[in-house]
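Residue numbers (the working numbering): -7 to 128.
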């Protein structure tokens, strides 16, 4: 029994040699396919989407084109980082909504945070040095 298990393990290792394997995107695709599969119990049309996500994840895991899979992962990680920055900005804006005002710099589109109740203030963007005058 033990010899059979070792042989199976060795065959799997040799099969996976040179393949991309599991990464963060593959894990998230598997989780998304599981969630969509559960949702397909209530909305049967989602079954094909769950199957497509699972096939895409499996394709990525067994792919030998490592460079393209890494590029997909980098694009996904950049997307996730932008999403997190945006959510953190929304969270801080909600947290500081009673004490601060938020303005966008017309030069670089950066968000500027100014304390409320100061009257008319001159705001200088720390990024592009563009100066604006606003009432807080």
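Just so you know, even glycine gets a beta-carbon here, dropped at the ideal spot from N, CA and C.
Is the beta carbon of residue i sitting closer than 7 Å to the one on residue j?
{"i": "residue 15", "j": "residue 65", "result": "yes"}
{"i": "residue 135", "j": "residue 93", "result": "What the structure shows of the chain is the stretch from -7 to 128, and residue 135 is not part of that stretch, so it cannot be assessed."}
{"i": "residue 11", "j": "residue 54", "result": "yes"}
{"i": "residue 121", "j": "residue 95", "result": "no"}
{"i": "residue 44", "j": "residue 28", "result": "no"}
{"i": "residue 38", "j": "residue 31", "result": "yes"}
Looking at the unbroken beta strand (DSSP E) that takes in residue i, where does it start and where does it end?
{"i": "residue 124", "result": "123 to 127"}
Smallest Cα separation from residue i: which of the options?
{"i": "residue 21", "options": "118, 52, 109", "result": "52"}
{"i": "residue 25", "options": "7, 106, 50", "result": "50"}
{"i": "residue 134", "options": "62, 34, 2, 17", "result": "Because residue 134 is not part of the residues shown, which for the chain are -7 to 128, the question remains open."}
{"i": "residue 98", "options": "3, 9, 116", "result": "116"}
{"i": "residue 46", "options": "23, -3, 36", "result": "23"}
{"i": "residue 9", "options": "56, 0, 73, -4", "result": "56"}
Just to confirm my understanding: we take residue i, look at its own chain, exclude 5 residues before and 5 after, and list those with CB closer than 7 Å. What are they?
{"i": "residue 103", "result": "81, 94, 96"}
Given residue i, which residues of its chain have a CB within under 6 Å of its CB, disregarding the five upstream and five downstream residues?
{"i": "residue 100", "result": "119, 120"}
{"i": "residue 68", "result": "17"}
Leaving out five residues on either side along the sequence, give the residues of the same chain with a beta carbon under 8 Å from the beta carbon of residue i.
{"i": "residue 91", "result": "107, 108"}
Using three-state DSSP, classify residue i as helix, strand or coil.
{"i": "residue 112", "result": "strand"}
{"i": "residue 28", "result": "helix"}
{"i": "residue 4", "result": "helix"}
{"i": "residue 12", "result": "coil"}
{"i": "residue 86", "result": "helix"}
{"i": "residue 34", "result": "coil"}
{"i": "residue 52", "result": "helix"}
{"i": "residue 119", "result": "coil"}
Where do the ends of the alpha helix (DSSP H) carrying residue i lie?
{"i": "residue 103", "result": "Looking at the DSSP string, residue 103 is not in any alpha helix (DSSP H); the run it does join, the beta strand (DSSP E), is 103 to 107."}
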